[in-house]
Amino acid sequence: MKTNQTMLAESVPSLDQVRENGSDASAKIAFYLPTGNEVDLCIHAYRSRIPLMLKGPTGCGKTRFMEHMARRIGRELITVSCNEDTSATDLLGRHLIRGGDTVWTDGPVTRAVRTGAILYLDEIAEARADAIVVIHSLTDHRREIFLDRTGESIQASDDFMVVISYNPGYQRSLRELKPSTRQRFASITFGYPNEREEIRIVAHEAEIDAATAKKLVGIATKIRQLTELSLLESVSTRLLIAAGKLIASGIPPRAACIAAIAEPLDDEAETIAAIRQLIEISI
Ligand code: ADP
């Protein structure tokens with residue numbers, strides 16, 4: 001009889017296999033440029049069945065990383081974007097009325113547990129407390145969920161993994177994850193990529209030349225250094241890509257940067273004016 005460990009070793013690809021999947025030039029795998037040891041950490045966490053927490057500001061590649069890794073590992077990725085209304089019922093499932101009958105319908109967490117998917121709970125700290133508690137029994141030795149509405153206990157398959165994302169700067173003291181939750185996860189911190197990496201990412205994603213991408217990244221670097229603007233959050237790679245896409249589709253570069261970088265960052269006229277000025281001298 002096979003032990004859990006040997007079954008896991010057979011069903012989970014090796015680190016070398018995963019590396020090979022990543023070098024697969026086929027368009028099936030979302031482009032992801034590693035900025036540290038996150039690929040190795042993720043695959044080792046997967047093989048060791050350790051839940052993962054991705055920390056970092058919005059738009060810096062956390063979701064793209066998981067899309068990429070799920071393909072490399074070879075499991076379905078089930079993503080839940082959490083918000084302040086996300087409840088345990090939303091995650092686990094509910095009874096729905098269909099054609100006069102009441103039918104149980106699995107929520108995304110239950111579906112991921114049953115099928116051995118990678119469950120990505122984006123912005124988990126936004127969710128209601130009862131939703132956060134759902135993941136507790138999945139992130140310790142039990143690896144199970146209990147559906148109190150149906151009385152069913154479901155053991156997660158060996159292939160199942162939980163990943164959460166968390167933006168500590170943004171949630172600040174408002175919605176911090178409790179130690180009892182966060183200490184269940186190994187954690188990877190995502191930040192803005194360095195200039196060379198970000199130029200490659202922006203050029204690739206926006207389909208613009210490296211010289212234009214370099215200018216956009218230069219603007220971002222300057223804005224990120226301007227701490228006196230007291231922005232809630234600074235320019236993300238996502239915003240640079242949006243500016244690049246507008247340029248690629250024919251909007252003049254300055255107008256594209258004002259629309260995609262300056263305006264989304266803040267509502268204060270003075271702050272926007274300072275960023276506009278910076279854009280005007282840079283592109
Ligand atoms: P987050 O989940 O952290 O809010 P995303 O993963 O949605 O951010 O990143 C926003 C966009 O930035 C992605 O759609 C992708 O185009 C790009 N991106 C950011 N970092 C990377 C990276 N390291 N490699 C490839 N693309 C990236």
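Numbered by our numbering, the letters in the sequence shown go through residues 1 to 283 in order. All C-beta atoms, glycine included, are put in the ideal place defined by N, C-alpha and C. Everything numeric in this text was worked out from a predicted model, so none of it was measured.
Reduced DSSP category for residue i - H, G, I as helix; E, B as strand; rest coil
| i | result |
| --- | --- |
| ILE275 | helix |
| ALA117 | coil |
| MET1 | Residue placement at MET1 cannot be trusted, given a pLDDT of 39 that sits under 50; the coordinates are not used to answer. |
| TYR32 | coil |
| TYR312 | Here the chain comprises residues numbered 1 to 283, so residue 312 is not present and cannot be evaluated. |
| ASP40 | helix |
Presumed contact (8 Å Cβ cut-off) between residue i and residue j, rounded CB distance
| i | j | result |
| --- | --- | --- |
| THR139 | PRO51 | 4 Å |
| ILE241 | ALA206 | 5 Å |
Close beta carbons around residue i, own chain, < 6 Å, minus the five adjacent residues each side
| i | result |
| --- | --- |
| ASP106 | GLY93 |
Residues bridged to residue i [DSSP beta-bridge criterion]
| i | result |
| --- | --- |
| LEU67 | Checking the sequence shown, residue 67 turns out to be Glu, not Leu. GLU67 is not bridged to any residue. |
| ALA186 | LEU52 |
| TYR166 | LYS55 |
Alpha-carbon to alpha-carbon, residue j and residue i
| i | j | result |
| --- | --- | --- |
| LEU54 | GLU123 | 10 Å |
| ILE132 | ALA112 | 16 Å |
| HIS44 | VAL103 | 39 Å |
| PRO108 | SER81 | 11 Å |
| ILE261 | GLN277 | 12 Å |
| GLY36 | CYS60 | 13 Å |
| ILE272 | GLU263 | 6 Å |
| LEU308 | ASP266 | Nothing about residue 308 can be read from this structure; the chain reaches only from 1 to 283. |
| ILE279 | ASN83 | 33 Å |
Cutoff 7 Å; reference residue i; Cβ partners in own chain excluding five residues on either side
| i | result |
| --- | --- |
| GLU10 | For GLU10, the predicted structure reports a pLDDT of 48, less than 50, and the residue's modelled location is therefore unreliable. A value from the coordinates is still provided. Excluding positions up to five away in sequence, the list is empty. |
| HIS204 | PHE31 |
| ALA210 | ILE199 and ALA203 |
| ALA156 | VAL113, LEU138, ARG143 and GLU144 |
| GLU195 | VAL217 and THR221 |
Closer than 8 Å to chain B by CB, residue i
| i | result |
| --- | --- |
| TYR192 | Protein chain content of the structure displayed is limited to a single chain, and chain B is not contained in it. |
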